[in-house]
Amino acid sequence: MNPFYLRNFLKLSDFNSENILFLLNFSEKIKFKKIIQKEKKFLKNKNLALIFEKKSTRTRCSFEIAAFDQGAKTTYLGPKDTHLGYKESIEDTAETLGKMYDGILYRGYKQKIIKKLAKYSKIPIWNGLTNEHHPTQILSDLLTIKEIFPQKNINQIKITYIGDSTNNISNSLLEASNLLNFKLSLISPKKYFPKKKFFNKYSNIKKNIKLTEDIEIGIKNADIVYTDVWISMGEKIENQEEKIISLKKYQVNKKILKLSKNPFVKVFHCLPALHNKKTIFGKEIIKKFNLKNGVEITDDIFNLNKKIIFQQSSNRVHIMKSLIINCLIKNNNL
Ligand code: CP
Ligand code: NVA
456 MNPFYLRNFL KLSDFNSENI LFLLNFSEKI KFKKIIQKEK KFLKNKNLAL
506 IFEKKSTRTR CSFEIAAFDQ GAKTTYLGPK DTHLGYKESI EDTAETLGKM
556 YDGILYRGYK QKIIKKLAKY SKIPIWNGLT NEHHPTQILS DLLTIKEIFP
606 QKNINQIKIT YIGDSTNNIS NSLLEASNLL NFKLSLISPK KYFPKKKFFN
656 KYSNIKKNIK LTEDIEIGIK NADIVYTDVW ISMGEKIENQ EEKIISLKKY
706 QVNKKILKLS KNPFVKVFHC LPALHNKKTI FGKEIIKKFN LKNGVEITDD
756 IFNLNKKIIF QQSSNRVHIM KSLIINCLIK NNNL
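Using this note's numbering, you'd call the opening residue of the sequence shown number 456 and step up by one each time.
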């Protein structure tokens, strides 16, 4: 039985570990089918909408490629394209689109907006990032882990996340660790620890989830060091200065990675990354805060790990495809 059929995909903790493993397994298979050009098209005659209230490269493209590979048609509604929020409520937008489309990928602000969208549209909604969660990214990361550690089970891996532990990536990592029992350490300045209510839900029952300000303690024996931008999309500008100053010493660089005591430690980044001066924002921040060789990650470390980092992003296609097929098609034997 397909556990995703006609369900919403709003956050990882709405599912159990078997469901998540089922989806990863499906993704591996469908990735292989694409490589050998033997993909069956399950989504002919399906129409999918993308509502994006924030920018995106990977999430939009991977979803659309997944849809096109499978024969579906898409409509992209960018931040300035709909009446949503200004002249039309979420409820009315959801009811309208729910009667036209078979499913919606949503990227936006608060999680409660996507919940409302799901409630009123009555068609499957996939979370393409909210302030609180980024579940499709973490599924791609899990698929990447399976591929780069074929000799290990996910529950034998230790991930150390360094940076802003209040954001969507660290929240979804917490949920994934709780479901799949991999060790997770979050390293941040205290001010950027996860919300207590959210964190305690997991750390109280799971001994393998740790939270610390101390880099040496948190990174020891990590298999993967994961980082993300320090300033997420939609964050208030006035917080930025103080935040960057307090995160400065948490930059992923050679010195920090040495503390893992693992010469084979891998580095993950969900992207986009500020690892050099080739972006307007990166250049500005590096100069203003006198950062060395990058913002949250240095250029040398990014380049050493870029094969894996871009594997994380290309795996988004297979995860998106698995989600769309499983939520919309009951019997989907590959
Ligand atoms: N990682 C990720 O979601 O990238 P985009 O913001 O480009 O979609
Ligand atoms: N935390 C980042 C993730 C980007 C994929 C953000 O929300 O901007």
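All residues carry an ideal CB built from backbone N, CA and C; glycine is no exception.
Collapsed DSSP secondary structure at I735 in the structure displayed: Taking the sequence shown and counting its residues from 1, the one referred to as residue 735 is at position 280. DSSP places I735 in the helix class (H, G or I) of the three-state scheme.
Own chain residues within Cβ distance below 7 Å of Y564, not counting five before or after: Counting from 1 along the sequence shown, the entry for residue 564 is found at position 109. So the qualifying residues of the chain are E508, T585, N586 and G689.
Cross-strand partners of N502 (DSSP beta bridge): Within the sequence shown, numbered from 1, the residue matching residue 502 stands at position 47. K528, per the DSSP bridge assignment.
Expected contact under 8 Å - CB spacing of I614 and Y681 to nearest Å: In the sequence shown, the residue the question calls residue 614 occupies position 159. In the sequence shown, the residue the question calls residue 681 occupies position 226. Right, their Cβ atoms sit about 6 Å apart.
Sequence-distant residues of its chain with Cβ nearer than 7 Å to D557 (five each side left out): Locating residue 557 in the sequence shown gives position 102, where the first residue counts as 1. Around D557: K501, N502, L503, I578 and L783.
Min CB distance S715 to chain B below 8 Å: Of the protein chains in this structure there is only one, and it is not chain B.
Backbone secondary structure at I670 - three-state DSSP: On the sequence shown, position 215 is the one that residue 670 refers to. Here I670 sits in helix by DSSP.
Any non-hydrogen atom of the ligand NVA within 7 Å of D683 CB: Within the sequence shown, residue 683 is the residue found at index 228, counting from 1. D683: yes, Cβ under 7 Å from the ligand NVA.
Where the alpha helix (DSSP H) containing H724 begins and where it ends: If you number the sequence shown from 1, residue 724 lands on position 269. Premise fails: H724 lies in the beta strand (DSSP E), K721 to H724, not in any alpha helix (DSSP H).
Coarse secondary structure for R462, derived from DSSP in three states: Within the sequence shown, residue 462 is the residue found at index 7, counting from 1. Residue state, collapsed to three classes: coil.
Boundaries (first-last residue) of the beta strand (DSSP E) holding G558: Numbered from 1 along the sequence shown, position 103 holds the residue referred to as residue 558. From DSSP, the beta strand (DSSP E) with G558 extends over G558 to R562.
N717 Cβ short of 7 Å to the ligand NVA heavy atom set: In the sequence shown, the residue the question calls residue 717 occupies position 262. Checking the Cβ of N717 against the ligand NVA gives no.
Where the beta strand (DSSP E) through L639 begins and ends: Mapped onto the sequence shown, residue 639 falls at position 184. Where L639 is concerned, the enclosing beta strand (DSSP E) stretches over K638 to I642.
When T548, S658, D469 and S511 are compared against A728, the one with the closest alpha-carbon: Here residue 728 corresponds to residue number 273 of the sequence shown, with the count starting at 1. Checked all of T548, S658, D469 and S511; the closest Cα to A728 is S511.
Exposure of P649, with buried meaning 16 or more beta-carbon neighbours within 10 Å: Here residue 649 refers to the residue found at position 194 when the sequence shown is read from its first residue. The residue is buried, with at least 16 neighbouring Cβ atoms inside 10 Å.
Closer than 7 Å: L584 CB and nearest the ligand NVA heavy atom: Here residue 584 refers to the residue found at position 129 of the sequence shown. Yes, since a heavy atom of the ligand NVA falls inside the 7 Å radius drawn around the Cβ of L584.
Residues that DSSP places opposite G618 in a beta bridge: As a position in the sequence shown, residue 618 is number 163, starting the count at 1. The partner list for G618 (beta bridge, DSSP) is empty, contrary to what the question assumes.
For review: beta carbons within less than 7 Å of any heavy atom in the ligand CP: K510, S511, T512, R513, T514, R515, L584, H589, Q592, C725, L726, P727 and S768
Given 8 Å, three or more beta-carbon pairs between the stretch 591-610 and the stretch 531-548: No, because fewer than three Cβ pairs between the stretch 591-610 and the stretch 531-548 fall closer than 8 Å, the two stretches do not touch.
Whole-angstrom distance between I580 and S715, CA atom to CA atom: Numbered from 1 along the sequence shown, position 260 holds the residue referred to as residue 715. Numbered from 1 along the sequence shown, position 125 holds the residue referred to as residue 580. Each residue's Cα considered, the two are about 39 Å apart.
Residue closest to L479, alpha-carbon to alpha-carbon, out of N758, M775 and F757: Here residue 479 corresponds to residue number 24 of the sequence shown, with the count starting at 1. Checking every option, the nearest Cα to that of L479 belongs to M775.
Buried or exposed (CB count within 10 angstroms, at least 16 for buried), S625: Along the sequence shown, one-based indexing puts residue 625 at 170. Result: buried.
V707 vs I735 beta-carbon contact at 8 Å: Residue mapping note: residue 707 aligns to position 252 of the sequence shown, counting from 1. Residue mapping note: residue 735 aligns to position 280 of the sequence shown, counting from 1. No; because the gap between Cβ atoms is not below 8 Å, this pair is not in contact.
Buried or exposed by the 16-neighbour rule on C-beta atoms within 10 Å, applied to N559: For the purposes of this step, residue 559 is identified with residue 104 of the sequence shown, where counting begins at 1. According to the sequence displayed, residue 559 carries Ile and not Asn. Result: buried.
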